Amino acid sequence: MDDYPALLERQVELVREPAGWRVARETPTGAAAPWDLGTVRTVEGRHSLVLGLGDGAELTALAELADRAMPAVEAVWGPSGARLLLELPLTEQQFARRMDVSADAYQGIAAVTLAVGGAPVHTPADRIVVNPDAYRQLSELGRRVVVTHEATHVATRADTRSWTPLWLSEGVADYTGYLGTGRTARQIAPELAKDVQAGRTPAALPADEAFTAGAAGIAQAYELAWMACDLIARRYGQDRLVALYRTVGAFGEGGLERAMRAQLGIGVTEFTKTWITEVARLRE
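Laid out in structure tokens, this is it:
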């Protein structure tokens, strides 16, 4: 499943005894591995592998969602031939230990993607870690969208670079996640719709900082990103959206303007004006 050897830092306490040295205690010094958290169960799906510490039925349900997500993602981004790896801790505290963060750092965020420990710096994430408390609060559709969203991040990791704007990477993930659900723009972007109806419209595409966990207006940032990518797909075609994403990665830092002109025939400023007009239609 992994492209690189997994390297996990451990702190080992040794005790010297008459017969020799003995390991008295071993603990992770950073992010915990799944097996540090308890007994790990596995469920293999057709397109997925789930590692978890919870109920077997919950793991099976997650594998089934992942098996539905992979064909949906590949229909947009092309076949990958890879299986999707997912981890499901039992509690929010276990999730925090797995991510090496405080328990409230990802409050309300149902899942994230993570790179294997020890991979080269800036290696894109290649597995999904589910935040159990937030995930369990979602409807069946919400869970489907979340898993498909995160599976999109995994599928696009080869084309994702540090300079890829988050409005684009999060936007294409939400676009793929909501594709085929039959949801309207107001249903997908309820917080944004409230803002627009109250006279608050964006002046620019959301900055990367807007997507930071716990940031004020993070829901609107995701909704704005979805609207931008949905607009591109409807106006220029889904293939152009995919091509734009890959071109941004290929053109290097600062290449968004050139990539947009190459794939859409317009620059960032002109696209932003069109997008703002589209967002304003939520008032209607």
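Residue 824 is where the sequence shown starts when you use our numbering, and the numbers rise one by one after that. The C-beta atom is built at its ideal place from N, Cα and C for all residues, glycine as well. In this text, all values refer to a predicted model and were calculated from it rather than measured experimentally.
Practice item. Could you check the C-alpha separation between THR1095 and THR1024 for me, to the nearest Å? Key: Looking up residue 1095 in the sequence shown gives position 272. Looking up residue 1024 in the sequence shown gives position 201. Their backbone Cα atoms lie some 12 Å apart in a straight line.
**Study point:** 4 or more residues per run - each alpha helix (DSSP H) lying fully within the stretch 1067 to 1102
**Key:** 1079 to 1087
Exercise for review: Indicate whether GLN1086 and ALA1066 have their beta-carbon atoms separated by less than 8 Å.
Suggested key: To locate residue 1086, count along the sequence shown from 1; it is residue 263. To locate residue 1066, count along the sequence shown from 1; it is residue 243. Contact flag set, yes.
Exercise for review: Run the CB neighbour count on LEU964, radius 10 Å, all protein chains shown included, and call it buried at 16 or more, exposed below.
Suggested key: Counting from one through the sequence shown, the residue named residue 964 turns up at place 141. So LEU964 ends up on the exposed side.
Check your understanding: Per DSSP, ILE951 forms a beta bridge with which residues?
Key -> As a working note, residue 951 is residue 128 in the sequence shown. According to DSSP, which records beta bridges pairwise, ILE951 is partnered with LEU909, THR936.
Practice item. Output the distance between the C-alpha atoms of ASP973 and ARG845, rounded to the nearest integer angstrom. Key: Along the sequence shown, read from residue 1 onward, the residue named residue 973 stands at position 150. Along the sequence shown, read from residue 1 onward, the residue named residue 845 stands at position 22. This sequence places Glu at residue 973; Asp is not what is there. About 42 Å.
Exercise for review: Would you list the one or two residues that DSSP bridges to LEU874?
Suggested key: As a working mapping, residue 874 is identified with position 51 in the sequence shown. In the DSSP output, where bridge partners are listed per residue, LEU874 has THR865, GLU910.
Review point. Starting from VAL846 and walking both ways along the beta strand (DSSP E), at which residues does that stretch end?
Key: Here residue 846 is taken as the residue at index 23 of the sequence shown, counted from 1. Looking at the DSSP string, the run of the beta strand (DSSP E) that includes VAL846 is 843 to 851.
Point to revise | Nearest to ARG891 (by Cα), restricted to the options THR1004, GLY1077, ILE1089 | key: Here residue 891 refers to the residue found at position 68 of the sequence shown. If we check each option's Cα against that of ARG891, THR1004 comes out closest.
Review point. Starting from LEU1015 and walking both ways along the alpha helix (DSSP H), at which residues does that stretch end?
Key: Here residue 1015 refers to the residue found at position 192 of the sequence shown. From DSSP, the alpha helix (DSSP H) with LEU1015 extends over 1013 to 1020.
Check your understanding: Which residue comes first and which comes last in the beta strand (DSSP E) that contains GLU836?
Key -> To locate residue 836, count along the sequence shown from 1; it is residue 13. Its beta strand (DSSP E) spans residues 833 to 840.
Review point. By Cβ distance, which residues of its chain are closer than 7 Å to HIS870, with the 5 residues on each side in sequence left out?
Key: By 1-based counting over the sequence shown, the position of residue 870 is 47. The answer, listed in chain order, is ALA889, ASP890, MET893, ARG906, LEU907.
**Study point:** Short Cβ contact (8 Å threshold) for GLU993 with TYR1045
**Key:** In the sequence shown, residue 993 corresponds to position 170, counting from 1. In the sequence shown, residue 1045 corresponds to position 222, counting from 1. Cβ atoms of GLU993 and TYR1045: closer than 8 Å.
Exercise for review: Look at the alpha carbon of VAL863 and the alpha carbon of LEU882, and state the distance between them as a whole number of angstroms.
Suggested key: Counted from its first residue, the sequence shown places residue 863 at position 40. Counted from its first residue, the sequence shown places residue 882 at position 59. If I take the Cα positions, the gap works out to 11 Å.
**Study point:** 8 Å contact criterion, which VAL939 and ASP949 should meet: CB distance rounded
**Key:** Counting from one through the sequence shown, the residue named residue 939 turns up at place 116. Counting from one through the sequence shown, the residue named residue 949 turns up at place 126. About 6 Å; that satisfies the 8 Å criterion.
**Study point:** Under 8 Å between C-beta atoms of THR999 and VAL899
**Key:** Residue numbering aside, residue 999 sits at position 176 when the sequence shown is read from its first letter. Residue numbering aside, residue 899 sits at position 76 when the sequence shown is read from its first letter. Yes, these two residues count as a Cβ contact at 8 Å.
Point to revise | 7 Å CB neighbourhood of LEU872 in its chain, flanking five on each side removed | key: To locate residue 872, count along the sequence shown from 1; it is residue 49. MET824, THR865, ARG906, LEU908, listed in sequence order.
Check your understanding: Is the stretch 980 to 996 close to the stretch 955 to 962, with three or more CB pairs under 8 Å?
Key -> no
Point to revise | 6 Å Cβ shell around GLY853 - same chain, five flanking residues per side excluded | key: Residue 853 sits at position 30 when you count from the first residue of the sequence shown. Excluding positions up to five away in sequence, the list reads GLU832, ASP923.
Exercise for review: Pick out the complete alpha helix (DSSP H) segments inside the stretch 954 to 988, 4 residues or longer, and give them in chain order.
Suggested key: 955 to 959, 963 to 978
Review point. Expressed to the nearest angstrom, what Euclidean distance is found between the alpha-carbon atoms of GLN834 and ASP927?
Key: Translated into positions along the sequence shown, residue 834 becomes position 11. Translated into positions along the sequence shown, residue 927 becomes position 104. Rounded to the nearest angstrom, the two C-alpha atoms are 25 Å apart.
Practice item. For LEU874, I'd like the list of residues in its chain whose CB is within less than 8 Å of its CB, leaving aside the five on either flank, ordered along the chain. Key: Here residue 874 refers to the residue found at position 51 of the sequence shown. Here the set comprises PRO857, VAL863, ARG864, THR865, LEU908, LEU909, GLU910, LEU911.
Practice item. Taking the CB atoms as reference points, tell me whether TYR1068 and VAL995 lie closer together than 8 Å. Key: Here the question's residue 1068 lines up with position 245 in the sequence shown. Here the question's residue 995 lines up with position 172 in the sequence shown. Contact: yes.
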